[in-house]
Each structure stands twice: as structure tokens, then as C-alpha cells.
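Peer 1:
Chains as they are written, first to last, in our numbering: chain A, 1 to 207; chain B, 1 to 376.
(1) Decide if residue 245(B) is buried, meaning its Cβ has at least 16 other Cβ atoms within 10 Å, or exposed.
(2) If I'm right that residue 29(B) touches residue 356(B) with Cβ under 8 Å, what's the distance once you round it to whole angstroms?
(3) Out of 215(B), 201(B), 211(B) and 263(B), point me to the one whose CA is closest to residue 398(B)'s CA.
(4) Closest by CA to residue 278(B), which one among 292(B), 302(B) and 237(B)?
(5) Starting from residue 226(B) and walking both ways along the beta strand (DSSP E), at which residues does that stretch end?
(6) Looking at the structure shown, is residue 180(A) part of a helix, part of a strand, or coil, going by DSSP?
(7) Taking the alpha-carbon positions, what's the residue 88(B) to residue 146(B) distance?
(8) Between the Cα of residue 108(B) and those of 167(B), 368(B), 123(B) and 95(B), spot the shortest distance and give me the residue it belongs to.
(9) How would you list, in chain order, the residues of chain A whose beta-carbon sits under 9 Å from the beta-carbon of residue 233(B)?
(10) How far does the beta strand (DSSP E) with residue 122(B) in it reach, from first residue to last?
(11) Note the first and the last residue of the continuous alpha helix (DSSP H) segment covering residue 219(B).
(12) Start and end of the beta strand (DSSP E) containing residue 113(B)?
(13) For the segment 215-241 of chain B, list every residue whose C-beta sits within 8 Å of some C-beta in chain A, in sequence order.
(14) If you reduce the DSSP assignment to three classes, tell me which class residue 121(A) lands in.
(15) How about the segment 207-221 of chain B and the segment 258-272 of chain B: do they share at least three Cβ pairs that are nearer than 8 Å?
(16) For residue 123(A), collect the residues of the same chain with a Cβ closer than 8 Å to its Cβ; drop the 5 residues on either side in sequence, then sort them by chain order.
(17) Closer than 9 Å, Cβ to Cβ, to anything on chain A: give me those residues from the segment 309-335 of chain B, in chain order.
(18) Give the residues of chain B in contact with residue 148(A), contact being defined as C-beta atoms less than 8 Å apart.
(19) Hey, residue 17(B) and residue 343(B): beta-carbon distance below 8 Å or not?
(20) Residue 180(A) touches chain B at which residues, Cβ-Cβ below 8 Å?
(21) Per DSSP, what kind of secondary structure is residue 59(B) in: helix, strand or coil?
(22) I'd like to confirm the pairing. Which residues does DSSP put opposite residue 209(A) in its beta bridges?
(23) Return yes when the Cβ of residue 112(B) is within less than 8 Å of the Cβ of residue 100(B), no when it is not.
(24) Between which two residues does the beta strand (DSSP E) harbouring residue 130(A) extend?
(25) On the three-state DSSP scale, how would you describe residue 355(B)?
(26) Can you pull the chain B residues whose beta carbon is under 8 Å from the beta carbon of residue 151(A), in chain order?
(27) Put residue 99(B) into one of helix, strand or coil per three-state DSSP.
(28) What does a CB cutoff of less than 6 Å around residue 143(B) pick up in its chain, not counting 5 residues either side in sequence?
(29) Starting from residue 299(B), find everything on chain A with Cβ-Cβ shorter than 8 Å and list it in chain order.
(30) Determine the DSSP secondary structure at residue 39(B), reduced to helix, strand or coil.
(31) If the cut is a Cβ gap below 7 Å, which residues of chain B does residue 124(A) touch?
(32) Relative to the alpha-carbon of residue 191(B), which residue among 230(B), 130(B) and 214(B) has its alpha-carbon at the smallest distance?
(33) Listed in chain order, which residues of the segment 2-14 of chain A have Cβ atoms closer than 7 Å to some Cβ of chain B?
(34) What three-state label does DSSP hand residue 173(A) in the structure shown?
(35) For residue 402(B), I'd like the list of residues in its chain whose CB is within less than 7 Å of its CB, leaving aside the five on either flank, ordered along the chain.
(36) Taking CB distances under 8 Å as the criterion, tell me whether residue 156(A) reaches chain B.
So this is what it looks like as C-alpha cells:
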């Protein structure tokens, strides 16, 4: 459908105004919110994710696309709720206790929202209890953890251990500057994301 | 040979198999020093310059000109602020005993730790939002502000004339300083929403540094210049080569051409993260070396040396995490890198960022001992 292809292209180009107009045009043309979301918005963000992974585009381009997506979602969201369209799943995300760094976490949130996940962003300096309790109460499919410092990444282990002890079924996926696959294996995390674009792949792999 | 000559000859790939540990590029968190003072380190470690002397680092001095982001913390450590004169007045907005909301000396609204001033805060808002606020902030970046250069400048200059150590200037930051003033997210949006504004900021910063450098060069025989950018992360460059060429390259070329025209050919840049994609761009822009070559970001000094040959000075790349392990691991790390790198010239050993507080004092001493043994 031409309008949805144009919508995807506008999103890829980060043209928020065009995304808004095209979402409105698609709605006016009787396209279902679900179809607008999947074939226009999510398909556009998936292209953004792929291009980012290959370094065809960089963070500024991802951010303007994510901003354009949010503009479209502001119009679409109430209609999606009305039509009872569910997100792909729920991911609880936060920067671990003792760490106030949020840039990486925010980028990952943007990208995962863009491809249809509901993100519960707990912010920064979040303790393990809050993360795991939220994941359990929200029946989250995954927990995403970010840490910038070697001195705070140890809190990721606490989250993994607490989640296991509370029989929380959410997959734990970790990332951040000092974090490695080896560390993820060592603490028993389910997944490790090298960067925001890889986070999408990791989430898709597990969920 | 004077240390100043050793430094320059290593940097110019003329002197090989020599270990020169530049004092300026050995960085320690305050908590690390406190830990070491409890583990038997002498009291001298509590003073930055005395630590340098007692550890036997090779003296490298950065001239006390307020020309780049400045340290407001203990030991030359965070918190940092742009080179504003005057600084913004610090204000506490909320305090829950553990963290507090504040306006910092850089005019940023931050959430910071009450008891850990070195720990990175969360930045919530920035002083430059638009041209009007930039015109206000610019007044704090007057290169000719009376306190930008130290008092008794002529005396300083006289003392430096007879020095036997390398003397550098910390100047130059386009992406880094713009980000400090505008904010990371806003800067990224502005690159598309209002690129002209970013150009205006960078044109002013170019003027700022050229004015400072011109005055320094008039009076002082400088050995090197050190930029700060932090323009990369684990995956690579924060923005595209195309944007690099558009927003940064012209300014780098202008400033670095000025430096080279005065015989300064040691022009270094500090960026965390994986800078592999940026290295050829920096070389094109007139830089001759970089630091710290973070191992967790995939940087490999040995591979870089093989790729760039004598085209690029390398500083750092000793994995700081390994120093928290055992001596065998430390020896492996050092011996796998340093002997080869010094055999090629153009390398200065350093950890790949601040030495963290999980490194025991004895491990750090062992690391230094290894370096000294390698250097003979």
C-alpha cells in the first residue's frame, strides 16, 4: 500500500512532520491502526535498525527516526488501544543501581519501542528488587539492564540471581560500555547486546 | 638525553625500545588512591604531582591555561566543566541524602551522587538550547578573559624556557565541548534540525582556540597539544564520516595547520570508545596520535600499529580490568603489547582509562615494575 510505504520511508528519513501527515492520511483512508503500525512504522524502524547495525547510519539518524516514530505513535496509540492491538511484548529496562548513565538505555528503549515492544523504563539507579518486582508484576518478557561502569556492572549479577530466586520468567539481557559476552555468561544472563541495534536481534532471538 | 627529547623522539618514531610513562596520561579515580593509601602506599600518593614523582612517571606538564574542559575535582578528576569564565553558580535544587538535583558549574541540571563527586552524574538539561542562550553562554568563552591565562605569565614563560620535560596545551574540542553545552540528545537533533547553528558554535570554538593557541605560541615553545572529544562508543563513531567532514574537519585542519606551522607535530586526541573508523579521519585532519584506546571497545594498539605504521602515535591500551586480576594476567597483558609497541616507536604506555578502585596497590606496583623492566 503506497501510503504505508511512504510512511516507512518518511520514518527512515526522520521526517517527523511527514510521518504525522501520512499516519493521518492512512487513518483517513481507512487503513487499520494495526496495519499502519506494522507495515508503516515497524517496518520502517526495522530498516533503521538494520542500517544502524551495518553502520550505514549512525546515532543522529537513529534518533531522528525514533523521534519521527514517536510523533506517529502519538496519533496512533489511542487507536491501537481502542482496537485492542497488543504490543509484541513487554520489556522492563533500567540502568542498574549506583549508575546514572542513561544515554545507552534511552537509545535501546527507542529502538525497541520502534519495532513494537512496550517498554517500561524504570530510569537510572534502579535496585534489583524494583527491577525484578516490576518484571513479575508486569509479566515482562524481558529485563534489559544497562551499566556504564565496571564498578556498577556487578549489580547485574544481583538482578539475575534475584530473578532466578523469585522464579521470574523474564529473560535478562544486558549491555553497556564495560559489559561483554563473557560477563553475561559468567553471571548467567540470557543475552548480551553489543549496541542498541543488536538489542533488537537479541530480543528477537529470545522472545 | 633530557626527558623532553626522549618524549619527542619516541613520538617521532626515532627512539625505539624506550619506555616513557607520561605522567599526564596516568589517571586514577580518587577511590583508587584512597584504597592504596590504606594498603600501604606512601602519603605522597595523596598529592597528584607527588604520586607522579614517587611512581617514577616521566614528567609531562600541561600548561595552566583554562583552554579546555576543566577539572573541579580532587586530583584533576571529575566533576568537569567547560572552560567558562565565570563558571555558572552552583545551585542545589533537591537533596535526598543519597543523590541530589543541582545546577552544576557548567550550567547543566544534573542528578549527582551526594558522597561521590567523581561518579558520572545524569545530565538532565543544558545551558545552550538556542541561539539566544548560546549568545549568553559564549560570553563565558572569551579567549581573552583576564583569568584565562595564569597570573605572572611572563615568569611562567621564563621558567619553561629552561625546562627538560615536555610541555603541552590542552586545547581543542568541537564535538565534545558542543555536547557539554548543548546535550547529547539535543546535539544529535540539531545536526539535522539546525545544522547552521552547530556550525556557528564550532566556528566560535575554532576562534576561541586559535586565539589562545596564538598567544601561547607567541611566548612558548610548545611540545604538544591535546584535544578532548569522546566522540565514539563501543560500536564505533557516534556520528558518520560525512558529518565528521562537514562539522569537524574544517576546524581541525585550521587549528592543526596553525600548530604545524609553528613546528608542533605532536597533536593528540582523547576519545573513549572504538575509534577505528575515526583514526584515518583524524590523520587527515592533522592529528598525529590518540589515547586511551579502550580495550572493552575493541581497540587493539598492536593491530593499529601494523595498520598505520609511523602515521600515528598510540597511547594507552593496557586493559585496566586486568590489573584487578593476578600477576600472571597482568604480565600477559603487558608482555603481549608493550615490547612490540615500543620496538616500533610512537607508543606511550598507559591504562586504557582511569585506574579503577578494584585494582590492588601491589598489582599496580607490579605493572609499573614490568614496564620499567621492559624499558631497561
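Built from N, CA and C at the ideal position, the CB exists for glycine as well.
Peer 2: Taking the definition as stated:
(1) exposed
(2) 6 Å
(3) Since the first residue of chain B shown is 1 and the last is 376, residue 398(B) is not available in this structure.
(4) 237(B)
(5) 224-228
(6) coil
(7) 17 Å
(8) 123(B)
(9) 59, 103, 104, 177 and 195
(10) 122-125
(11) 195-219
(12) 109-113
(13) 233, 234, 235, 236, 237, 238, 239 and 240
(14) strand
(15) yes
(16) 94, 95 and 102
(17) 320, 321 and 324
(18) 120
(19) yes
(20) 296
(21) coil
(22) Chain A is shown from 1 up to 207; residue 209(A) falls before or after that span and cannot be answered.
(23) yes
(24) Segment 128-137 is the alpha helix (DSSP H) holding residue 130(A); no beta strand (DSSP E) there.
(25) strand
(26) 356, 357 and 358
(27) strand
(28) 208, 211 and 212
(29) Within 8 Å Cβ-Cβ: nothing; residue 299(B) doesn't reach chain A, min ~12 Å.
(30) coil
(31) 122
(32) 130(B)
(33) 14
(34) strand
(35) Absent from the model: residue 402(B). The displayed extent of chain B is 1 to 376, so no value can be given.
(36) no
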